[in-house]
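Reviewing the structure listed below.
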Amino acid sequence: MTNAAALEVWPGKAYPLGATYDGYGTNFGVFSEVAERVELCLFDEDGTETRIVLPEVDGFVWHGYLPGVEPGQRYGYRVYGPYDPTEGQRCNPNKLLLDPYAKAIDGTFDWNQSLFGYNFGDPDSRNDDDSAASMPKSVVINPYFDWGVDRPPQREYADSVIYEAHVKGLTQTHPDIPDNARGTYSAIAHPVIIEHLKELGATAIELMPVHHFANDSTLIDKGLSNYWGYNTIGFFAPDSKYSASTTPGGQVQEFKAMVRALHEAGIEVILDVVYNHTAEGNHLGPTVSFRGLDNAAYYRLVDDDKRYYMDYTGTGNSLNVGHPHSLQLIMDSLRYWVLEMHVDGFRFDLASTLAREFYDVDRLSTFFELVQQDPTVSQVKLIAEPWDVGPGGYQVGNFPPQWTEWNGKFRDTVRDFWRGEDASLGEFASRLTGSADLYEHTARRPVASINFVTAHDGFTLRDLVSYNEKHNEDNGEDNNDGESNNKSWNCGVEGPTLDPEINALRTRQQRNLIATTILSQGVPMICHGDELGRTQGGNNNGYCQDNEITWIDWAGADAGLLDFTATVSALRAAHPVFRRRRFFNGRPVRRRGSKGVPDISWFRPDGSEMSDDDWDSGFGKSVAVYLNGHGIPDLDARGQRVIDESFVMCFNAHHEPIEFTLPPAEFGKAWWPVLDTATGTGETEDTGVVKAGAPLHIEPRAMMVLRAVQ
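Take a look at the structure:
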């Protein structure tokens, strides 16, 4: 071991926390309210460890400044303090600890006994094996980066199309990306990926977790891995597993370069973040960071036996958002990613957990108050996954006004409607028009609804129309994992088939679901690969499959479906009537020389307006809706009223074709079909103009969009 006396140590500062390089040396600061002594451990390239006692403690922050310590230096902490699990205390200086504020992490966990604070088979024992050799190390980074003229695109929610993607899954098999860059941040920044996003009309890429995460030993033992990454152990560190760089800390520069390239293309970067729990798991988990620093400060413990952890996430623990330093950790992390990494927003995994300041979900909890008043975090896109696994955890529609939400009711309703379920027509209409029943009461607008029918969790779009049952045998849990109620329909045969009629129906159903998602009021979200016909072979829980099951098969991409998706996205982008900033009100819109018609009207297939009895019939599966382009309550940048063309959308979820009658002339004298999911075509001269009140043939399980002819 190198002699610590050879290193000069200054008092340093208590803020900022973490390792901060200033061009001359590095300041180290770490929080622990229970520590009696904290050692900073520096590691040479050969693994030689040098321990330095941090000389100062201020407000429970232990700190020191080391001149000459430069970027690339690997380090960790050892904490001396009480060890009494029954009181929630788990300090053990034999366990090397990652810095919760580490900006980069180098290496992987070598899962063995030394990482655990107890002896295997005896949870109440104490294990004092030294874990340093089996631990990844925190890394001092170079904070300087040439951002050039980088500016956030700052797109309005209403103009946004979100593309949810996995760094590796999106890029691993693309033939035009160099082999050494595939699956990395550099691959996301590659021109072929950026051009694909632009072709789709995607304005934001929402990356599945890139915060440094642990690969579970239980999965490794099965020959699997934590592919999704919802197992965070470093809230400031971009994961090195997605980096082409081999230099410790190089992943930070690579991530910033990715953001800069996406911004140059006008594409925002949204991160899927997991602040609800950490990779240390329950009382049987490893001691690798937070647990050994200050267990009770960072985690929610069971009141009557503090050996155990409250678990609202299904992962073993829940972060203690009632403690000021845990809240500071989250807020510091969010600000860091915005200010230093230039990201444009966040999607919060199991966000209901962050609202459990005490026990129940509280919309006015401290975390949301902090976000509300923060001048940085409050101004970026904030997207909640509005549920967790705790009691009362399903909170769709109940988040504060500043937030948008993954609309799980949109997903379920649209799936039910297109598979022909009864009693879904009225609910479908509500979801199509922005879910005012969920969001208007909190003064939110249609953009509060993030509309999706598929996401990383569950069937892909192609599998949604190809399987009635999940097929997760490859996950090694006897097909018991994953959701069983998928609201899917295989169109007559389970899995792949050579039947051309069934394959044609499946393609049509995919178009229906894509078009409905993109043209509904709110913010559409596309799951990566759905536009290409990606399949996981019926696996609806690909969290552990880092292989061809979950990677996009670019060679087998459905070019027709890609073209259709791009066409629908372009239609939305061209017409504000599909992306209104306010809810419909059903009142007449005055136009010069006429009495005006409502901003929205609903019609039965026979052309008569829908009545309450029609909505309540329970068996209706077909409806038409008129969207008044003259009734958009928006102003452009110059304060001029936005006037768009009007549209009619005809939906037929019935298993037989239906002759629709178009609305009377007061709504529009003639109509031009611009989109037909039965054929997958957009505007075409072969269709011709259809006059008001004329019949219109809609194929079974299809929708058509028509534009008013002026």
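Counted the way this note's numbering counts, the sequence shown spans residues 889 to 1598.
We put the CB at the ideal spot given by N, CA and C, even for glycine.
None of the values given here were measured: they were computed from a predicted structure.
Below 7 Å CB to CB, which residues in the same chain sit around residue i once its five sequence neighbours on both sides are set aside?
i, result
"GLY1556", "SER1534, ALA1580, ALA1596"
"ALA893", "Caution is warranted here: a pLDDT of 48 is assigned to ALA893, below 50, making its placement in the model unreliable, and the coordinate value is therefore given only provisionally. Nothing listed; no residue qualifies."
"ILE1065", "THR1059, ALA1075, HIS1078, VAL1080"
"ALA1679", "Lying before the first or after the last residue shown, residue 1679 is absent from the chain, which here runs from 889 to 1598."
"ARG1478", "With a pLDDT of 49 at ARG1478, under the threshold of 50, the predicted position of this residue should be treated as unreliable, though the coordinate-derived value follows. Excluding positions up to five away in sequence, the list reads GLY1484."
"ILE1440", "GLY1057, LEU1058, THR1061, HIS1416, GLY1417, LEU1420, ARG1422"
"ALA1566", "ARG1396, GLU1587, ALA1590"
"TYR971", "GLN977, ARG978, CYS979, ASN980, ARG1014"
"SER1457", "VAL1049, LEU1088, GLY1089, ILE1406"
"LEU1680", "There is simply no residue 1680 to check, as the chain begins at 889 and stops at 1598 in what is shown."
"ALA1125", "ALA990, LYS991, ALA992, ILE993, HIS1099, HIS1100"
"ALA902", "GLY917, ASP946, GLY947, VAL949, HIS951"
Kindly indicate which residue of the options has the alpha-carbon position closest to the one of residue i.
i, options, result
"TYR909", "GLY960, ILE1155, TRP950, PRO1384", "GLY960"
"TRP1035", "VAL1231, TYR1006, THR1569, ALA1558", "VAL1231"
"THR1241", "SER1266, PRO1279, THR1134", "PRO1279"
"ASN1368", "HIS1359, ASP998, TYR1197, ASN1374", "HIS1359"
"VAL1536", "GLY1517, VAL1530, GLU1547", "GLY1517"
"MET1498", "GLU1436, GLU896, GLY1314, VAL1593", "GLY1314"
"LEU895", "GLY952, TYR903, ASP934", "GLY952"
"SER1105", "GLU1168, THR1330, ASP1127, ASN1429", "GLU1168"
"ALA1600", "ASN1170, THR914, ILE1338, ARG978", "Summary: the structure shown does not reach residue 1600, with the chain confined to residues 889 through 1598, and so no result is reported for it."
"VAL1268", "GLN1424, TYR1327, HIS1213, VAL1157", "VAL1157"
"GLY1204", "ASN1170, VAL1226, LEU1189", "ASN1170"
"LYS1599", "ARG1244, ILE1437, GLY1570", "Outside the displayed range of the chain (889 to 1598) lies residue 1599, so it cannot be described from this structure."
"ASN1429", "THR1072, ALA1343, VAL897", "ALA1343"
"ASP1345", "ASP1067, CYS1432, LYS901, GLY956", "CYS1432"
"THR996", "ILE1390, ARG1195, LYS1129", "LYS1129"
"ASN1183", "SER1505, THR1569, GLU921", "GLU921"
"GLU933", "VAL1147, ASP994, GLU1293, ASN1391", "ASP994"
"GLU1052", "VAL1411, ARG1470, LEU1584, LEU1563", "VAL1411"
"PRO943", "PRO973, TRP898, GLU958", "TRP898"
"LEU1320", "GLU1273, HIS1329, PHE1471, GLU1357", "PHE1471"
"PRO1263", "GLN1424, ILE1390, GLN1290", "GLN1290"
"LEU1449", "ILE1488, ARG1399, MET1413", "ARG1399"
"MET1096", "THR974, ARG1223, GLU1273, ASP1192", "GLU1273"
"LEU1143", "GLY900, TYR1200, MET1229", "Leu is not the amino acid found at residue 1143; the sequence shown has Phe there. Measuring from the Cα of PHE1143, the nearest candidate turns out to be MET1229."
"ALA1145", "LEU1222, PHE1033, ASP1310", "PHE1033"
"VAL1147", "TYR1073, THR1134, LEU1112, ASP1127", "TYR1073"
Measure how close the beta-carbons of residue i and residue j come, nearest whole angstrom, since I'm counting them as under 8 Å.
i, j, result
"SER1312", "ASP1304", "5 Å"
"ILE1029", "GLY1137", "4 Å"
"LEU1349", "LEU1401", "6 Å"
"TYR965", "ALA907", "About 11 Å; that fails the 8 Å criterion."
"THR1185", "SER1214", "What sits at residue 1185 in the sequence shown is Ala, not Thr. Yes, ALA1185 and SER1214 are in contact; Cβ-Cβ is about 6 Å, under 8 Å."
"ARG1468", "GLN1409", "6 Å"
"ILE844", "ILE1271", "Residue 844 lies beyond the residue range present for the chain, which begins at 889 and ends at 1598; the question has no answer from this structure."
"GLY1434", "TYR1115", "Looking at the sequence provided, one finds Asp at residue 1434 rather than Gly. Indeed, because the Cβ distance is near 4 Å, the residues count as touching under 8 Å."
Skipping 5 residues on each side, what residues in its chain have a beta carbon closer than 8 Å to that of residue i?
i, result
"ARG1480", "Note that ARG1480 scores 46 on pLDDT, short of 50, meaning its location in the model is unreliable and no value can be drawn from it."
"ALA1558", "VAL1577, VAL1578, LYS1579, ALA1580, ALA1596, VAL1597"
Within a Cβ cutoff of 6 Å, which residues of the same chain sit near residue i, ignoring the five residues on either side of it in sequence?
i, result
"SER1318", "ASP1325"
"ARG925", "TYR968"
"ASN982", "ASP1016, ASP1018"
"PHE1466", "LEU1407, ARG1460"
"ASN1007", "SER1013, ASN1015"
"GLY1296", "VAL1284"
"ASP1494", "THR1549"
"GLY956", "GLY913"
"ALA1149", "ALA1077"
| said: Suppose only complete runs of 4+ residues qualify. What are the alpha helix (DSSP H) ranges in the stretch 1237 to 1323, listed by chain order? | reply: 1254 to 1261, 1296 to 1306, 1313 to 1320
| said: Tell me whether the stretch 1357 to 1368 and the stretch 1509 to 1516 touch, counting them as touching only if at least three CB pairs, one residue from each stretch, are closer than 8 Å. | reply: no
| Using 8 Å as the Cβ pair cut-off and three pairs as the minimum, do the stretch 1174 to 1186 and the stretch 981 to 990 touch? | yes
| request: Flag this pair as touching only if the stretch 1017 to 1027 and the stretch 1037 to 1048 have three or more C-beta atom pairs under 8 Å; answer yes or no. | output: no
| Does the stretch 1113 to 1126 come within contact of the stretch 1157 to 1167, defined as at least 3 CB pairs closer than 8 Å? | yes
| query | Do the stretch 1370 to 1387 and the stretch 1444 to 1464 meet, that is, are 3 or more Cβ pairs less than 8 Å apart? | reply | no
| Is the stretch 1124 to 1141 close to the stretch 1208 to 1216, with three or more CB pairs under 8 Å? | no
| query | In chain order, which continuous runs of the beta strand (DSSP E) of length 3 or greater are located wholly inside the stretch 1508 to 1585? | reply | 1510 to 1515, 1535 to 1540, 1546 to 1549, 1558 to 1564
| message | Threshold first: 3 residues or longer. Then list the beta strand (DSSP E) segments lying entirely within the stretch 1084 to 1157, N to C. | response | 1092 to 1095, 1099 to 1101, 1120 to 1126
| query | Unbroken beta strand (DSSP E) runs of length 3 or more, entirely within the stretch 1020 to 1073: which are they? | reply | 1025 to 1027, 1050 to 1053
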